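Residue numbers (my numbering), protein chains in the order written: chain A, 1 to 129; chain B, 130 to 608.
Beta carbons: idealized from backbone N, C-alpha and C, even for Gly.
Bear in mind that the values here come from a model prediction, so they are computed numbers and not experimental data.
This report refers to the structure that appears directly beneath it.
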Amino acid sequence: MQRNYLLYLAGLAIIIGAFFIFKPQTSPANPPAATNSATPTVKTFDLVVQNKKLVAGPEKIEVTEGDQVIIRISSDTDEEFHLHGYGKSVTLKPNETSALTFNATLTGSFAFELESSKTDLGTVEVAPK
Amino acid sequence: MLTLIALLAAPASLLSLLIFTQPTFAHAFGQSFTLPIPVWIFLYGGAAAVALSFLVIGVFVGKESVFGRVGEKEISKISFIRAVTSPLARSTLRFLAAFLFLLTIGAGIFGSADASVNIAPTMFWIIFLLGFTYLSALVGDLWPMVNPWQTILTWWEDLTGSKLNGLWPYPQRWGYFPALILYYVILWYEMLSGGSAAQPQNLARLLLDYSIITFAGATLFGVKDWFKYGEFFSVFFGLVSKISIFVRRGNKIYLRPPFVGLLQEKLSSFSLLVFILLMLSSTAFDGFRGTSAWFKLDLNLFPLYDSFGASGYQIFQSAALALSPFLFLAVYLILVAAMKMLTKSKSRVTDLALQFGYSLVPIAVVYNVAHYFPLLLVQGQAILPQISDPFGLGWNLFGTAKVVPNVGIIRADTTWYLQVFFIVLGHIAAVYLAHVLALRVFPRQRQAVLSQLPILVLMVIYTLTGLWILSQPFSPVGA
Numbered sequence: 001m002q003r004n005y006l007l008y009l010a011g012l013a014i015i016i017g018a019f020f021i022f023k024p025q026t027s028p029a030n031p032p033a034a035t036n037s038a039t040p041t042v043k044t045f046d047l048v049v050q051n052k053k054l055v056a057g058p059e060k061i062e063v064t065e066g067d068q069v070i071i072r073i074s075s076d077t078d079e080e081f082h083l084h085g086y087g088k089s090v091t092l093k094p095n096e097t098s099a100l101t102f103n104a105t106l107t108g109s110f111a112f113e114l115e116s117s118k119t120d121l122g123t124v125e126v127a128p129k
Numbered sequence: 130m131l132t133l134i135a136l137l138a139a140p141a142s143l144l145s146l147l148i149f150t151q152p153t154f155a156h157a158f159g160q161s162f163t164l165p166i167p168v169w170i171f172l173y174g175g176a177a178a179v180a181l182s183f184l185v186i187g188v189f190v191g192k193e194s195v196f197g198r199v200g201e202k203e204i205s206k207i208s209f210i211r212a213v214t215s216p217l218a219r220s221t222l223r224f225l226a227a228f229l230f231l232l233t234i235g236a237g238i239f240g241s242a243d244a245s246v247n248i249a250p251t252m253f254w255i256i257f258l259l260g261f262t263y264l265s266a267l268v269g270d271l272w273p274m275v276n277p278w279q280t281i282l283t284w285w286e287d288l289t290g291s292k293l294n295g296l297w298p299y300p301q302r303w304g305y306f307p308a309l310i311l312y313y314v315i316l317w318y319e320m321l322s323g324g325s326a327a328q329p330q331n332l333a334r335l336l337l338d339y340s341i342i343t344f345a346g347a348t349l350f351g352v353k354d355w356f357k358y359g360e361f362f363s364v365f366f367g368l369v370s371k372i373s374i375f376v377r378r379g380n381k382i383y384l385r386p387p388f389v390g391l392l393q394e395k396l397s398s399f400s401l402l403v404f405i406l407l408m409l410s411s412t413a414f415d416g417f418r419g420t421s422a423w424f425k426l427d428l429n430l431f432p433l434y435d436s437f438g439a440s441g442y443q444i445f446q447s448a449a450l451a452l453s454p455f456l457f458l459a460v461y462l463i464l465v466a467a468m469k470m471l472t473k474s475k476s477r478v479t480d481l482a483l484q485f486g487y488s489l490v491p492i493a494v495v496y497n498v499a500h501y502f503p504l505l506l507v508q509g510q511a512i513l514p515q516i517s518d519p520f521g522l523g524w525n526l527f528g529t530a531k532v533v534p535n536v537g538i539i540r541a542d543t544t545w546y547l548q549v550f551f552i553v554l555g556h557i558a559a560v561y562l563a564h565v566l567a568l569r570v571f572p573r574q575r576q577a578v579l580s581q582l583p584i585l586v587l588m589v590i591y592t593l594t595g596l597w598i599l600s601q602p603f604s605p606v607g608a
């Protein structure tokens, strides 16, 4: 029985030990944000939609938890721009630039789409801090 | 005669949906918002799995070991267990399950066509297919007790006063082949129907077709054999529940260590081995086709798809899903052959493959959990508003119709840690089971130890494949 407990301890040691060996010390992207947490980083992205397709701007918008995110979209047709998960929408008008602003509080991968025509455009990936 | 017509009509009707569904590339049903696991967690999981495997093998060498001898403990006498397994509790559960089954079909037929407000898609694809799987893993084989098809057939037998013993004996050489085929069809609808099986009406039709097949199978071959070999959910939940710490024998309930339910017998049929591998490969397939690696492959293959016409893409995906278990099977058989060589065993490769087959179940189950539990947690919440308004008609039966699901219920990093935890846990369980099996199969200790090397390589390959897929960046959705 003694031996079994030693075994469990060894197993636990491997699980926990390896975790700290592999876990990066600090995520390099973050230190400035951590010291400065009162003023969140603002990240702005510009998307251009033509003919219901994304013609300029990132398909994958990568931000970090806590960032203030501004997505500016210009479209050549009337549409509704919708971000899943956050449940945010903004109306698009031809040849006008609309902006969708949100605080990246939820971590994960969230698709954005043109709501009226159900066209997927891309995703916002919010990485944990 | 009616049965024969039904038997022919149901597959034909399934087939009609199969062929005429155009790929729409709509959202797959439900979103879980997970992120790919970071590279360091992938490496950590892989390293932990390998290190722990050697620990398990090294320490247990030559012993039937800790769990193997603990055995079962009867718990039926405990008053709580007596209460939850009383005839009243059981018939309540059975009635509830039959009610939810009919509600799902009814909502599909008569409810709103909008999948997000109709209860049917969430109830079947999320709560039942994922939730009941995990429930079976935790509390054991509930399914035979609540299986609505079985309930309906029992009612029918009571009503007519005659038992459905089948017109013919079930052909034993079919093994679990009917359940395997039905599994493929359900997976196909889940993954490759372009979202059409998430449409309430299509789902109701699918369930009705499945019911016809089940009733026809039970009529032709008898309730007992069809629910053993042909009814997909009975086979699936039966396998999953073998990892549970609870088991029922006769009227008694026993407590046992986790996973040891898989040590009781060898696989009875090759079709069951392919079934287990399809559990593993279909999850891998579903994960892999969302990655950018698959996307790049797709871009290169598009000319080939096109040469097969408008449905070329869907045809290729369907073939890939159908072939996926055989890819895992090939790896398995190669390593079992290596085992035979190392141990100089006289058994045939196929026989050894069946001997060790059940040890793959933990890997298949945990990979399913790791892949889909975020979907259950996030999308499953939709059941709260839907249960108050199952048909999507604006009702509010329980006052929950306006509940807004909390999509941030689980953080992305918590999800990663749980995913890697489940996968490593399943890996260790599988290595442990294979080890105990080896001690039974190979009488000499040296053989038993040698046999572990190829098995270990196999488990590491399966586990790393699973982790690797979870770590892959997603493909661009707008493409």
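Check: Which chain A residues sit within Cβ distance under 7 Å of Pro605 of chain B?
Finding: Glu59, Lys60, Gly122
Margin query: On a Cα-Cα basis, can you pick out the residue from B:Leu547, B:Leu471, B:Phe550, B:Val507 that is closest to Arg575 of chain B?
Written below: B:Leu471
Checklist line | Asp78 of chain A classed as buried or exposed, judged by whether at least 16 other C-beta atoms fall within 10 angstroms | finding: exposed
Item checked: Contacting residues, own chain, Cβ-Cβ under 6 Å from Thr101 of chain A (five flanking each side not counted) -> Ile70
Margin query: Beta-carbon within less than 7 Å of Leu164 of chain B's beta-carbon, same chain only, minus the 5 sequence neighbours each way: which residues are those?
Written below: Ala541
Margin query: Measuring alpha carbon to alpha carbon, tell me which residue in B:Pro329, B:Ala249, B:Ala345, B:Gly269 is nearest Trp278 of chain B.
Written below: B:Ala345
Check: chain B partners of His84 of chain A, CB-CB under 7 Å?
Finding: Gln160
Next item on the list: Report all residues from its chain with a CB closer than 7 Å to the CB of Ala467 of chain B; omit the five preceding and five following residues, and keep chain order.
Entry: Pro583
Item checked: Start-to-end residues for the beta strand (DSSP E) that takes in Gly108 of chain A -> 108-114
Next item on the list: Give me the Cα-Cα distance between Tyr339 of chain B and Leu47 of chain A, rounded to the nearest whole angstrom.
Entry: 46 Å
Margin query: Any beta carbon of chain B sitting closer than 7 Å to that of Ala104 of chain A?
Written below: no
Margin query: Is there a C-beta anywhere in chain E that falls below 7 Å from the one on Leu505 of chain B?
Written below: Although the question refers to chain E, the structure presented lacks it and instead comprises the protein chains A and B.
Notebook entry, point to check: So what's Thr123 of chain A in DSSP terms, helix, strand or just coil?
Noted result: strand
Checklist line | Reference Leu316 of chain B; option with closest CA among B:Pro386, B:Phe404, B:Val275 | finding: B:Phe404
Checklist line | 8 Å Cβ cut-off: residues of chain A touching Tyr312 of chain B | finding: The contacting residues do not exist; Tyr312 of chain B stays about 29 Å from chain A at best.
Next item on the list: Report the three-state DSSP secondary structure of Arg385 of chain B (helix, strand or coil).
Entry: coil
Next item on the list: Could you please give the first and the last residue of the uninterrupted beta strand (DSSP E) stretch that includes Val90 of chain A?
Entry: 88-92
Next item on the list: Check each residue of the region 420-454 of chain B: if its Cβ is closer than 7 Å to any Cβ of chain A, include it; give the result in chain order.
Entry: none
Check: Does the Cβ of Glu203 of chain B have 16 or more other Cβ atoms within 10 Å, making it buried, or fewer, making it exposed?
Finding: exposed
Notebook entry, point to check: Taking the C-alpha atoms as reference points, what is the distance between Val124 of chain A and Thr39 of chain A?
Noted result: 21 Å
Checklist line | Ala111 of chain A to Val536 of chain B span [Cα, whole Å] | finding: 13 Å
Check: How close, in whole Å, do the beta carbons of Ile516 of chain B and Ile248 of chain B come, if the pair is a contact with beta carbons under 8 Å?
Finding: 7 Å
Next item on the list: Could you please give me the residues that DSSP links to Val376 of chain B through a beta bridge?
Entry: B:Tyr383
Item checked: For Gly174 of chain B and Met588 of chain B, the rounded distance between their alpha carbons -> 13 Å
Item checked: Contact set for Leu288 of chain B: own chain, Cβ-Cβ below 8 Å, skip 5 residues either direction -> none
Note to self: Just to confirm before moving on: does the CB-CB distance between Ile372 of chain B and Pro387 of chain B stay below 7 Å?
What the structure shows: yes
Item checked: Where Asn95 of chain A falls, given that 16 or more other Cβ within 10 Å makes a residue buried -> exposed
Check: Would you call Ile256 of chain B buried or exposed, if buried means 16 or more other Cβ atoms sit within 10 Å of its Cβ?
Finding: buried
Check: Is the distance from the Cβ of Asp67 of chain A to the Cβ of Lys93 of chain A below 7 Å?
Finding: no
Next item on the list: Please name the residue, chosen from B:Val560, B:Lys475, B:Val553, that lies closest to Leu12 of chain A on a Cα-to-Cα basis.
Entry: B:Val553
Notebook entry, point to check: Going along the region 534-566 of chain B in order, which residues come within less than 7 Å of chain A, judged by CB to CB distance?
Noted result: Val536, Gly537, Arg540, Ala541, Asp542
Margin query: Need the endpoints of the beta strand (DSSP E) that Val69 of chain A sits in, please.
Written below: 68-75
Margin query: Can you tell me which residues form a DSSP beta bridge with Gln50 of chain A?
Written below: A:Lys53
Next item on the list: Report all residues from its chain with a CB closer than 6 Å to the CB of Ala347 of chain B; omit the five preceding and five following residues, and keep chain order.
Entry: Leu282, Leu293, Trp355
Check: Can you tell me whether Glu394 of chain B is buried or exposed, with buried defined as 16 or more other CB within 10 angstroms of its CB?
Finding: exposed
Note to self: Short of 7 Å Cβ to Cβ, which residues in the region 170-189 of chain B face chain A?
What the structure shows: Leu172, Tyr173, Ala176, Ala177, Ala180, Leu181, Leu184, Val188
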